[in-house]
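The next block holds one structure in the form of structure tokens; read it before the comments.
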Ligand code: SF4
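In our numbering, the protein residues as written are 41 to 249.
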């Protein structure tokens with residue numbers, strides 16, 4: 041991948057992590073622009089746009105300024121799909137500043153980078169993911185759309201270690217999707233599947249970014 045001098049960024053902001061096992065943890069988010077998918081249920085369509093170009097140093101500077109008033113230890117690289125761009129330098133700079141780094145990826149791309157927490161979210165209908173994530177993902181997040189079935193959950197449960205939770209995340213906390221998530225959890229339990237959990241988007245409930 042060629043080393044580009046700039047990265048396309050949608051926003052850099054401080055908040056609490058609203059999803060997954062890191063839920064509630066103070067985090068500075070770097071939302072990178074662009075996505076290789078076009079999920080019909082996408083709640084971050086603004087990330088499909090081009091964004092603003094910044095150098096890795098400029099992004100780090102924004103993160104450090106946010107840290108002055110919100111001294112979070114974690115940075116989350118999200119999108120869009122953050123692994124579409126060459127983030128090696130940014131990751132290096134963040135590590136030098138002793139940040140812990142989470143990446144949220146749709147799992148279609150893989151980069152061997154020193155992430156501290158890897159959240160993958162394979163998307164319907166094929167739920168593809170790059171093979172290295174089988175061992176490396178800390179959590180597998182599945183948006184509960186009409187396409188998500190017990191069959192898919194079984195297949196993913198078999199593919200990933202039992203220690204890696206499969207998180208069923210209702211689509212934008214919508215009631216039909218919460219109800220479907222609960223049904224799927226019951227069906228998973230009845231099928232003997234372990235470590236299948238509900239994950240609500242707490243930032244949306246609390247009106248955070
Ligand atoms: S992968 Fe994520 S950011 Fe990309 S279109 Fe799907 S939901 Fe949106």
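Yeah, the Cβ is synthetic: ideal placement off N, Cα and C, and Gly gets one too.
Computed from a predicted model, the values in this text were never measured in an experiment.
8 angstroms contact criterion, which residue i and residue j should meet: CB distance rounded
i, j, result
"residue 20", "residue 58", "For the chain, the structure presents residues 41 to 249; residue 20 sits outside this window and is missing."
"residue 240", "residue 215", "12 angstroms between Cβ atoms; not a contact."
"residue 221", "residue 208", "4 angstroms"
"residue 71", "residue 51", "5 angstroms"
"residue 224", "residue 180", "About 14 angstroms separates the two Cβ atoms, so there is no contact after all."
"residue 154", "residue 112", "At roughly 18 angstroms, the Cβ-Cβ gap does not stay under 8 angstroms, so residue 154 and residue 112 are not in contact."
"residue 254", "residue 148", "Residue 254 is absent from the structure shown; the chain starts at 41 and stops at 249."
"residue 242", "residue 63", "6 angstroms"
Spatially closest choice to residue i from the options, by CA coordinates
i, options, result
"residue 105", "79, 83, 122, 68", "68"
"residue 80", "186, 204, 153", "186"
"residue 156", "249, 162, 134, 167", "134"
"residue 114", "193, 205, 122, 139", "139"
"residue 161", "129, 153, 122, 131", "122"
"residue 164", "174, 182, 144", "182"
"residue 116", "83, 219, 148, 141", "141"
"residue 107", "53, 217, 199, 246", "53"
"residue 127", "92, 112, 143", "143"
"residue 218", "130, 206, 62, 238", "238"
"residue 49", "230, 229, 62, 124", "124"
"residue 94", "87, 199, 130, 76", "130"
"residue 200", "235, 248, 247, 132", "235"
"residue 193", "230, 249, 242, 213", "230"
"residue 175", "158, 227, 191", "158"
"residue 90", "60, 62, 47", "47"
"residue 205", "191, 178, 226", "178"
"residue 60", "145, 45, 88", "145"
"residue 55", "110, 226, 227", "110"
"residue 45", "82, 96, 88", "96"
"residue 228", "152, 88, 196", "196"
"residue 226", "136, 190, 246, 244", "190"
Segment limits, alpha helix (DSSP H) that includes residue i
i, result
"residue 47", "It is not in any alpha helix (DSSP H) - residue 47 instead sits in the beta strand (DSSP E) that spans 47 to 56."
"residue 246", "242 to 246"
CB contact check: residue i to chain C, cutoff 8 angstroms
i, result
"residue 239", "Chain labels in this structure do not include chain C; a single protein chain is all it has."
Any non-hydrogen atom of ligand 3 closer than 7 angstroms to residue i Cβ
i, result
"residue 119", "By its list of ligands, the structure shown excludes ligand 3, since it contains just ligand 1."
I'd like the ranges of any beta strand (DSSP E) spanning at least 3 consecutive residues and lying wholly in the stretch 68 to 152. For the stretch 68 to 152, whole beta strand (DSSP E) runs of length 3 or above, ordered along the chain, are 92 to 94, 114 to 118, 140 to 145.
Threshold first: 4 residues or longer. Then list the alpha helix (DSSP H) segments lying entirely within the stretch 161 to 235, N to C. DSSP runs (the alpha helix (DSSP H)) wholly in the stretch 161 to 235: 173 to 176, 190 to 199, 215 to 230.
Check whether the stretch 98 to 117 touches the stretch 166 to 183, taking contact to mean three or more Cβ pairs, one atom from each stretch, closer than 8 angstroms. Contact fails: fewer than three Cβ-Cβ distances are below 8 angstroms.
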